[in-house]
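Down below is the structure, laid out as structure tokens.
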Amino acid sequence: MTSQHASFYFAKHALLNSGWANNVLFKVANGVFTSIQADCEPPKELSSSITWLDGPMLPTLANVHSHAFQRVMAGAAEVSLNPNDSFWSWRDLMYKVVQKLTPDDAQVIATQLYIDMLKAGYTQVGEFHYLHHAQQGKSYAQKAEMSLRLLDAANQSGIGLTLLPVLYAYSGFGGQTPTEGQARFIHSVDSYLALQQACASAFSMSNVNQENKHNVGICFHSLRAVTKPQIEEVLSALDPNQVVHIHIAEQQKEVQDCLNWSGQRPVEWLHNEIGLSDRWCLVHATHLDPNELSAIASSHAIAGLCPTTEANLGDGIFPAVEFEQAKGRWGIGSDSHVSLSIVEELRTLEYGQRLRDQQRNRLHRAEQPNVGDNLYQQALIGGNQACDVSLGLKVGSRADFMLLDDAHPFIAASQPCDFLNRWLFACNENVVKDVYVAGEPIVTNFSHPLEESSRKAFTQVIKKVMYDE
Ligand SMILES: [Zn+2]
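The numbering of the sequence shown is the working numbering, which starts it at 99 and goes up by one.
Right, here's the structure in full:
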């Protein structure tokens, strides 16, 4: 996967960090953009060594929130069993699935998932990883076994991995004893710090051959699952540059339980008791009062939005218009993986606001009135920060990019200012044709080299885990 030599790419249209540009020559060395020249005539002496890119060239995105194993049950919880089906009844099914998964199963699921993410245009994934132990909570001989399986899956597929090993210690606010269904997730602070260390050394070895695509962050499952002293101890023991992720305020019940326990709402509690900063990614943050919303926005923490999962679980509607007005930063994640489509995440986010407000064109900024471009640019900025990576078509960034299919009439006929709106609001078929990671082609003509064998293995795991076949 290493590319020591310099390579050249030429695109007719490319979305640079500064906006759309025409006739752009890119130089890539060691997997990184080292020069970008717009409005250029490619030098004749280079013409045989240039890769000529067809179709509009876009940066890829980081997917800020994934629970890889949940892909195996996507779409299997859509049968009404109870008039009050909710997040909490979905979680019961998820706990049953968890009990059956072996490390091999988890790796097969993650490999297929990451291939599908790459084909969608995500080239980095924030893996919020809490399935740590064997059945009944027994440790594996290699304590980081499940984390390393995710790393193997990332290396097989070619995606960059931001592993977020989760500290999960309790079942409810104020340190309530974990349930039997949570046994595979549970760590003490000491065992969690040992896991962090094991991951750090495995990742630094793996990065030698992987263009430094991988990194490790810090993660607390939720305020239900950890205590204040635990958060403080973990943050003071680990590198202050690591990103920190947490699920927060996804459900009204969670907000009410937090109020009953502490007298404060979840984001209010985190802001007052621990403090927010640009290290934090607050996953969901669906239920905010105006003070909480401005606390997140002014701290430059990321709101990790998962629109398709939040819709699927009936979580509620994030106040995205108000958050945009406050210049809040946000990224997108596919979370439970009912959808692996950038289009569907961004469209659901925008349409949720339109339906709420009974108005059109909600998520734009004064400097960017074009909704599709604004959605995409904000998701790029937020995804980079939450996953501690630098994606985007600019010098110094990892040379990840995608090409849209210029055989599609909406892409072939459009002007650059319309490419993103046409794609995000009007294309239902996938138009992400080619995807490059660190300058290497990973998806070519809609296809990943491992997809056939991976799909077969994934089919077997679905049959085994979901249908006992
Ligand atoms: Zn989640």
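Cβ coordinates follow ideal geometry from the N, Cα and C atoms, glycine included.
What you are looking at is a predicted structure, and each value in this text was computed from that prediction instead of being measured.
Give the list of continuous alpha helix (DSSP H) stretches no shorter than 4 residues that lie fully inside the stretch 132 to 202. Within the stretch 132 to 202, the complete alpha helix (DSSP H) runs of at least 4 residues are 185 to 198.
Using CA atoms only, rank isn't needed, just tell me which of ILE394, SER187, GLU390 and LEU453 is closest to TRP378. Of the candidates ILE394, SER187, GLU390 and LEU453, the one whose C-alpha sits nearest the C-alpha of TRP378 is ILE394.
Cα-Cα separation between TRP367 and THR132, rounded to whole angstroms: Between TRP367 and THR132, the C-alpha separation is close to 44 Å.
Taking the straight line between their C-alpha atoms, what separation do you get for SER101 and LEU216? In this predicted model, SER101 has a pLDDT of only 43, less than 50, meaning its place in the structure is not dependable; the value taken from the coordinates is given anyway. If you take the alpha carbons of SER101 and LEU216, they lie about 19 Å apart.
Please work out which residues of its chain come closer than 6 Å, Cβ to Cβ, to LEU518, disregarding the five sequence neighbours upstream and downstream, and give them in chain order. Within the same chain, Cβ atoms closer than 6 Å to the Cβ of LEU518 are found at GLY470, ASP471 and TYR474, the five residues on either side in sequence being excluded.
Please look up how many angstroms separate the CB atoms of HIS382 and ALA347, rounded, as I've assumed it's under 8 Å. Contact between HIS382 and ALA347 holds, since their C-beta atoms are separated by about 6 Å, short of 8 Å.
Can you tell me whether ALA464 is buried or exposed, with buried defined as 16 or more other CB within 10 angstroms of its CB? Exposed: under 16 other Cβ atoms inside 10 Å.
Would you check if the stretch 276 to 289 and the stretch 228 to 248 touch, i.e. whether three or more CB-CB distances between them fall below 8 Å? Yes, since at least three Cβ pairs between the stretch 228 to 248 and the stretch 276 to 289 fall closer than 8 Å, the two stretches touch.
Ligand 1 heavy atom lying under 7 Å from the CB of PHE416: For ligand 1, not one heavy atom lies less than 7 Å from the Cβ of PHE416.
Among the residues of its own chain, which have a CB less than 6 Å from the CB of VAL324, if the five just before and after it don't count? Counting only Cβ-Cβ distances below 6 Å, and skipping sequence neighbours, we find LEU265, ALA267 and PHE318.
Expressed to the nearest angstrom, what Euclidean distance is found between the alpha-carbon atoms of LEU336 and SER289? Here the C-alpha atom of LEU336 lies approximately 13 Å from the C-alpha atom of SER289.
Grab the span of the beta strand (DSSP E) containing PHE108 for me, first residue to last. Unbroken beta strand (DSSP E) run through PHE108: 104 to 114.
If you measure between the beta carbons of LEU248 and LEU501, is that distance less than 8 Å? Their beta carbons are not under 8 Å apart, which means LEU248 does not touch LEU501 by this criterion.
Enumerate in chain order the residues of its own chain whose CB-to-CB distance from ALA298 is below 6 Å, with the five nearest sequence positions on each side excluded. In the same chain as ALA298, and ignoring 5 residues on each side of it, the C-beta atoms closer than 6 Å to its own belong to VAL314, in chain order.
What residue range is occupied by the uninterrupted alpha helix (DSSP H) comprising CYS379? No alpha helix (DSSP H) contains CYS379, which is instead part of the beta strand (DSSP E) from 378 to 382.
Give me the Cα-Cα distance between ASP214 and PHE544, rounded to the nearest whole angstrom. Each residue's alpha carbon lies about 10 Å from the other.
Residue of THR406, HIS435 and VAL126 minimising C-alpha distance to LEU444: The candidate whose alpha carbon is nearest that of LEU444 is THR406.
Note down the Cα distance separating PRO539 from GLU550, rounded to an integer number of angstroms. Computed Cα separation, rounded: 17 Å.
Can you tell me whether CYS317 is helix, strand or coil according to DSSP? Looking at CYS317 - three-state DSSP - the assignment turns out to be strand.
Whole angstroms is fine: what's the gap from GLU330's alpha carbon to GLU371's? Spanning the two alpha carbons is a distance of roughly 10 Å.
Listed by chain order, which residues have C-beta atoms less than 6 Å from any heavy atom of ligand 1? My final list is HIS163, HIS165, PHE226, HIS345, VAL381 and ASP433.
LEU447 beta carbon less than 8 Å from that of LEU461: Yes, Cβ-Cβ distance for LEU461 and LEU447 is below 8 Å.
Span of the alpha helix (DSSP H) around ARG445: Element bounds for ARG445: 440 to 455.
Let me check one thing: in DSSP terms, what residues is PHE226 bridge-paired to? Beta-bridge pairing links PHE226 to LEU262.
Counterpart residues of ASN120 in DSSP-defined beta bridges: DSSP lists HIS111 as partners of ASN120.
Work out the CA separation of GLN362 and ALA484 for me, nearest whole Å. C-alpha of ALA484 to C-alpha of GLN362: approximately 25 Å in a straight line.
Please say whether LEU113 and ILE134 have beta carbons closer to each other than 8 Å? Not in contact: ILE134 and LEU113 (Cβ atoms no closer than 8 Å).
In the structure shown, what three-state DSSP assignment does SER334 receive? In the three-state reduction of the DSSP assignment, SER334 falls in the helix class.
If you reduce the DSSP assignment to three classes, tell me which class SER545 lands in. The answer is strand: DSSP assigns SER545 an E or B state.
Tell me which same chain residues have a C-beta within less than 6 Å of the C-beta of ALA172, skipping the five on either side of it? Cβ within range, chain order: HIS435 and VAL436.
Cutting at 7 Å between CB atoms, please list the residues of its own chain near LYS110, excluding the five before and the five after it. In its chain, beyond the 5 residues on either side, ASN120 and ASN121 have a beta carbon closer than 7 Å to the beta carbon of LYS110.
Meets three-Cβ-pair contact criterion under 8 Å: the stretch 524 to 537 and the stretch 169 to 189: Taking a cut-off of 8 Å for Cβ pairs, the stretch 524 to 537 and the stretch 169 to 189 do not touch, as fewer than three such pairs fall below it.
Would LEU380 be called buried (16 or more neighbouring beta carbons within 10 Å of its own) or exposed? Buried: at least 16 other Cβ atoms inside 10 Å.
Under the three-state DSSP convention, the category GLU465 falls into: Coil at GLU465, not helix or strand.
Among residues of its own chain, excluding the 5 on either side of PRO201, which ones have a beta-carbon nearer than 8 Å to its beta-carbon? Excluding sequence neighbours, PRO201 sits near TYR238, GLU243, MET244 and ARG247.
Assuming contact is defined by CB atoms lying nearer than 8 Å, are ARG427 and HIS398 in contact in what I supplied? Against a cut-off of 8 Å, the Cβ pair of HIS398 and ARG427 comes out as a contact.
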